[in-house]
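Here the structure comes first, spelled out in structure tokens, and everything after it is commentary.
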Amino acid sequence: MSIENEIGDPHRYDLQDRYLELTRKELPAKARLGGWIVKDDHCFMRIILDQLFQGCWYDHLDRRLVAYKQLNNEKLTQVIALAETLLAGDTEILARWNHESLQWRGKLKTN
């Protein structure tokens, strides 16, 4: 399925659908098969959105609303690219992005 309309621009709903396909299905499936440290769809969404904003996504978007629906087409294209980077299977990138996300949220245990 093409995510571009007649003039070559991606359609918003197609971009949203692709993001959801990656984060809800493709990434969790690959993670379970590969024994990745992150396996749940909501964790992939957190990591990707935090990576997009280089900080906790709800410092940039209204956390009461669905995050991906607040993104414009440019940002949707960026989160798709981030998700596809993870889908390529580099678990070091996943571990680093997860660590950064948890750090931005103050969720890392300090020694």
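Note that the sequence shown covers residues 3 to 113 in the numbering used here. C-beta atoms are modelled at their ideal positions from N, C-alpha and C, and glycine is treated no differently.
- For residue 83, the enclosing alpha helix (DSSP H) starts and ends at 75-89.
- For residue 31, the enclosing alpha helix (DSSP H) begins and ends at 29-36.
- In this structure the segment 34-46 touches the segment 83-103; the number of beta carbon pairs closer than 8 Å is three or more.
- Per DSSP, the continuous alpha helix (DSSP H) segment holding residue 50 begins and ends at 43-55.
- Collapsing the DSSP output to three states places residue 111 in coil.
- Take the alpha-carbon of residue 70 and the one of residue 62: they are about 12 Å apart.
- The beta carbon of residue 17 sits closer than 7 Å to the beta carbons of 5, 75, 78, 79, 82 from its chain, once the five residues preceding and following it are set aside; these are given in chain order.
- One thing to note: residue 106 has its Cβ within 7 Å of the Cβ of residue 52.
- At a Cβ-Cβ threshold of 7 Å, residue 22 and residue 50 do not count as neighbours.
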